[in-house]
Each structure stands twice: as C-alpha cells, then as structure tokens.
Amino acid sequence: MLAQRKPGILNRFYLIEIVRGLWITLRNFLFHEKVTLQFPEQRRDYSPRYRGQHYIKTVNEVENCTACMLCPTVCPAECIHIVAGEREDKEKYPIKFEIDILRCCFCGMCEEACPKDAIKLSNIYEMSQEHREVYTKDFLLEQRGNKK
Amino acid sequence: MPKCMIDGKEVEFTAGENLVKVAKRAGVEIPVFCYHPGLSVVAQCRMCYVEVEKMPKLQTACSTMATEGMVVKTNSENVKKGRAGTMEFLLLNHPLDCPICDKAGECDLQDNSYGYGSAYMRGSEERRTYVDVNMGPVIQKNMNRCIHCTRCIRFGDEIAGIHEMVAIKRGNDIDITTIDGKTLQTEYAGNYSDICPTGSLTLKDFRFKKRAWMLKKTTTVCEGCSKGCNMEIQHEGDVIYRCVPLENLDVNRYWMCDEGRFNYQHTQDPTRIIEPKVKAEGGWKTISWEDGILGIKEEIDGQKPTFLVGSDLTQEELTHIKEYIALQHPGATIQHFGTPGLTSTQQDGALDQILRMKSKTSNLNGAEKLGIAPLMNDTIKADTVVVMSAGRAKLPKINAKRVIAVGVYLEGDASQFDMILPGLAFSEKDGTIVNHQGIEQKLKRAVLPRGKCKSLSEVLMLLTNKKARVGANP
Ligand code: SF4
Ligand code: SF4
Ligand code: SF4
Ligand code: SF4
Ligand code: FES
C-alpha cells in the first residue's frame, strides 16, 4: 500500500514551485549563451578525429588504395566489398570498392588498418538518404571532409 | 634409440635425422627458408641457426644431424642474434610489397620476420630491382621478392626431373630465373608456388583473387587420376579459389600435378549443366526435376537398360547403384568407363616418374573391387543407356537409341545425351575412393552443390519411389 503523504497547506498550493521553475527557464533564456545552431545555415566544426562519411584518399588523382583487403578483414560489420585487379600504372588496384554504409558502425577500424592511408572517415555527418545506399568507388574517390 | 637434448627436452631420434625434424617432434619450431623436407639440404639461407654444446660457432639445424647426447639450444641470446642478423640481410632488398603480394598471410618470410627479425630497418639505400621473365601460364614471377633460397631450382632438379630454373650471376646481382628466360615446361609447375617461401613465385590462376587468410580449407583427395593425391580445397562462400597439395608420404609426398590442381575449374565452369535438361529442337530445354524423374521412369521402368557408371564415382555411389539395379532392374548390365583405351587396373600405370597415372579417373580400383565389369564395346544392345558419372570419366562415342545421363557435364560434352539430370562434383560430396595402391581415402564436401544439382543417392531414391516427390534443393 502506498504511504499517504500529508502535504502542508503551502505545499498543496503549488504556486511557489511554479514560480521557481519558471525562473530557471527565464534565466537560461535571457542571460545564457545559446547552445543550439541555426542548422543548416550554421554548421558545427567537428574535431578532425570525428568519424563520419568515408572517402578514399587520392594523390595526383591516383587512389592510394592497393586492394590489400585489410579493411574488409578488420571491418566488424563486414560491409566493405573489394575486387582487386591489375592495370598498366598500378600492379594492384580495386576494380570495385563498395561500402554498404547502412551496415557500417563507424568504428573507424578500416582507417586504422589501412597501410596506405587510403580509406578515411571524414567529418561529414549529414548522411541521411532516401534509399538504401551503397557507396561506390567513384563516390568514395571524391575528396571530401577535412582530413588532408 | 639414441637420444639428444633440445631446449632441455629429451628427444629420441633415428640416425640421420636433422635437428629441424627432431626439434619439431619435441615441439620446438626452428625457422627455415631453404630447407624443405622433400628436397635436398643446402644450408644456404642461414636462418635455422642453433647452438650446439661443444661447438664453437652457431650451427645450421637443417644440415646438422642429431647425435647421441647432443645438447642443443634453439633460443639462446646468440641464436636470436644470428637469426635477427639473417633476417636483416634477407630484408635489405626486399620490397614492402605485403599489401599487394599474394603470398602475404602464408609467407615464411613474413612470419619469420615477425617472429625473429627486427621491426626497424637500418639501411636507407635504394633497393635492388629486376625485370621479370614470363614464366608461362601457371607461375607469376616477381624477382624483387626472391630470397635466393634455391628451393625452386632444387624442386625442378630433384622432383620434377627438369632443370629449368637456374641462378645466374653472383652476389648482389644474383638472378633466379629460367634457362634463357623460357617458360616453365614441367607439368608440376604449381608446386613452385607452394614451395617458394616468399611471394616470388605465385599462381597466376589465383592472382589477386583472394587473400590467403580469407579462405576456408577442406581436406580432400584429388580426383584427377588414380594416384589420389591428398589436397586441400580452399574456398570462400561456395566458390573454390585454389587447391593445394597436402603431405602424405605414402601417396603424393608433398606435391601434386597441375592437372589435378586446376581440375576444380570444371566444377565452376559457366557451361556446366546445373539444371535438368532434355534435348529439344535446336538445343536444350530446361525441365523440372519432377518431369526429369518421371521422364526417366517412363523410359526404364520394367525394362533392362544398360547402366554405364564412371570410375570417378565414389564407392558409396557405386554400391548404391548396384543395389538399385538389383532391386529395380534385376539382370540389367552395369559397366564402368573412365579413360578411353584403359579398362582395368592391370593396364593402369605411372604416366611419368613423379605422380601422374594413366587412369584419369580416381576410383578405377574401387569400381573393380566392387566387381563391376569395364565397358569394352561401344555398341550397346539395350534400347536405353543410363550414364552416371562425376565429370572426370570420358564416355566414348556409344551407339544406343536413347542415352540418359546423370552427373556432372559441361555443355560441350553433352552432345550424345537425350536427357541430363545434374549431379554432384567431387568438391560437393562426401565419399570414399580407392587409389591405385588400394588405399581408401575420403572425399569431403567443400562447397554446396551448384544450381539444382542433386546427389546420385537422391536421384536413385526418387527413381525407386512410386511417385516422384522432389523436395527442395539442398
Ligand atoms: S567504420 Fe568500421 S564498420 Fe564502417 S566500414 Fe570502417 S571498419 Fe567497417
Ligand atoms: S586497407 Fe587501405 S589499401 Fe587496403 S584495401 Fe582497404 S583502403 Fe585499400
Ligand atoms: S614475399 Fe612475403 S614478405 Fe615479401 S612481400 Fe610477399 S608476403 Fe610480404
Ligand atoms: S623464387 Fe622463391 S623458391 Fe626460388 S629461390 Fe627465390 S625465394 Fe627461393
Ligand atoms: S634452413 Fe638451414 S640454412 Fe636454410
């Protein structure tokens, strides 16, 4: 059985508590610095260590990736799919490089495992899409984000 | 038995055994490069250093025979320094190729460098580079990665019986290549890739297809000939990527031939028939399993068709077929076929001095043991012939009204048939085969059957049933 409380007459009349509560709201509204942003006009700059949308780094328009398959090996979500091939200027390169981004958990292990400084997680965080998207090689080769 | 001490453990040995082998038995791993149990000992890589009591200098374990009372240390400071020194020399000119090298993950140089070398490089000079020769369709050469262990040269000389790999020039200019830059001639070229401790010799067939550590491994037996070489199918998902030999000193020692190594390819051929089909005007028509089974039953129920069975089927399948015939078609003829012009184990024999046998099917001996007679004459009296085989056995041209086939066939070999029910290849089933020596060995399933293929046992069961009730594909 619930214990019956017997509040006093002043407590039963909530006016004092209401005024106190409203004062907190009012104080924050009038005298404190604002913490929200006017997204999308204003954007927050995240730390370079932020793990956002992937890209493959290129140097002189050649991808750094050599299709060593270390990132698919380490990826806990098994969402990287690579097919390796050979071409004139590069002994081994990824013919196909796909990230099934909906499965990705943004752990950043692929970036850490890469011996060629190729796959990177940029600080782009707006990734919502209307369709189930798979990032293709062409998409990943666009240089975005702040990591140079 | 004489005994010696290795790292404080007492081990027995037989006279003439070297320290690498003896240590292995004691559970002590000695790193090696140039030593291979199937090849002669040259002691030139200097990786296998050990310290032997009363000997002033480090000894190479591969060329030092164990003697009574010998006391060996494999982990002393001196040994560690020696190994680290050897590793440093070997890596002086070695490229940092691991990300693009097919050997990575199963590379002795990688493993030993990680285990016994230093993580730092002291040199800063430019590394030596080579232009590679074309070694033919099987092997890809990358001389930059070579550590001059000469295993490949010795393999050619001692096992393949052909002197085709050589070391030319000396010292820093040394080049391991083929004589006059020719392509490899041996039928055993795939082994060059297996024995090379680095990524200097790799398989062209496997090039960049998968990394070694992603592959699952299934121990099985090659079905290429009646030798029955032990091998491992390496696969991921339901795709076979390569086959490599396994050690079996009674059968194939450490090797296998290229025909057997690449024999898996026919099971993944895009033209393999993987759905029941009947011959129709101008080609093949795909039918359902129900129709296929009912069609065959219509042809053969109550008749005495001739059964031709490939000597590439397993003992279990052959026994099952015999039982089926005894039950359903008593008195019908059953004959085995396999290699054109070769009908019995008497005629079977070595094709060369190494491994390959004349019988190109794996279970000739087994079929004979089960009392199945060979197919001698290609004119067959019965109206209908039922052919059952697993893809290796070659059917001679036969004269019969109707030929129904169950098993593995490529579109190209199917012109004689009127109907085909797809069966399982050696990589898709379990079973026993008997090799030419009479040794029974096990096939193991590595991958799931392709398409709508069904096992022979299931087909026979469906044929025995009153009604063909075909369940879901396995
Ligand atoms: S961030 Fe993690 S989950 Fe996403 S692709 Fe990289 S390794 Fe895989
Ligand atoms: S780890 Fe780096 S180099 Fe290797 S496949 Fe992934 S992105 Fe390419
Ligand atoms: S041979 Fe071995 S160590 Fe050399 S690049 Fe290949 S995997 Fe790496
Ligand atoms: S190619 Fe391979 S097996 Fe031949 S010498 Fe070089 S490292 Fe040894
Ligand atoms: S393994 Fe002994 S010297 Fe090479």
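Protein chains in written order, with this note's numbering: chain H, 40 to 187; chain C, 212 to 685. All C-beta atoms in this analysis are idealised placements derived from N, C-alpha and C, irrespective of residue type, glycine included.
Around the beta-carbon of H540/C, 16 or more other beta-carbon atoms lie within 10 Å, marking it buried.
Only those residues of the segment 297-312 of chain C whose C-beta falls short of 8 Å from the nearest C-beta of chain H are listed: C309, P310 and I311. Within a 10 Å sphere around the beta-carbon of V58/H sit fewer than 16 other beta-carbons, which makes this residue exposed. Within the segment 275-332 of chain C, the complete alpha helix (DSSP H) runs of at least 4 residues fall at 288-302 and 319-327.
With a cut-off of 7 Å, the C-beta of T105/H is classified as near ligand 2, since at least one heavy atom of the ligand falls inside that distance. Each residue's CA atom was taken as its position, placing N353/C and G506/C some 56 Å apart.
Nearest to C363/C by C-alpha distance, out of E651/C, F244/C and T525/C, is F244/C. In the DSSP assignment, S600/C forms a beta bridge with G618/C. At least one heavy atom of ligand 2 falls within 7 Å of the beta-carbon of L109/H. Within chain C, the residues whose beta carbon sits less than 7 Å from that of C107/H are P310 and I311, listed in sequence order.
For F419/C, at least one C-beta of chain H is nearer than 8 Å to its own C-beta. Within 7 Å of the C-beta of M148/H there is at least one heavy atom belonging to ligand 1. Nearest in C-alpha terms to S404/C, of all of G382/C, R453/C and A378/C, is R453/C. Using beta-carbon distances, T175/H does not count as an interface residue toward chain C, since no partner is under 8 Å. Against chain C, a Cβ distance below 9 Å from E125/H picks out R418 and F419. Within the segment 422-448 of chain C, contact with chain H at the beta-carbon level (separation under 9 Å) is assigned to R422, W424 and M425.
Chain-order list of chain C residues neighbouring E130/H: I311, by C-beta distance under 7 Å. At a C-beta separation below 8 Å, T112/H has these neighbours in chain C: R422, W424 and M425. Just so you know, the alpha carbons of Q652/C and V645/C end up roughly 6 Å apart. Contact of K135/H with chain C is not assigned, every C-beta pair being separated by 8 Å or more. The C-beta of F628/C has 16 or more other C-beta atoms within 10 Å across all chains shown, which makes the residue buried.
Here G401/C carries a helix assignment [DSSP, helix/strand/coil].
P633/C sits away from P516/C, with the two beta carbons spaced by 8 Å or more. Selection I138/H, T97/H, L69/H and Q92/H evaluated against P111/H yields I138/H as nearest (Cα-Cα). Taking 8 Å as the upper bound for CB-CB distance, F224/C and A277/C are in contact here, some 5 Å apart.
DSSP places W62/H in the helix class (H, G or I) of the three-state scheme. Setting aside the 5 residues that flank it on each side, A116/H is surrounded in the same chain by R142, C143 and C144, each with a C-beta closer than 6 Å to its C-beta; the list follows chain order. Take Q182/H, set aside five residues on each side of it, and the residues of its chain with a beta-carbon closer than 7 Å to its own are Y94 and T97, in chain order. With a contact defined as Cβ atoms closer than 8 Å, T388/C and V377/C qualify at about 7 Å. The CB of K96/H never comes closer than 9 Å to any CB in chain C; the least such distance is about 15 Å. For L49/H, the enclosing alpha helix (DSSP H) covers residues I48 to R51. For Y246/C, the Cβ falls inside the 7 Å cut-off from some heavy atom of ligand 5. Judged by DSSP in its simplified three-state form, H477/C adopts helix. In this structure M568/C is in contact with K438/C, their Cβ atoms being roughly 5 Å apart against a cut-off of 8 Å.
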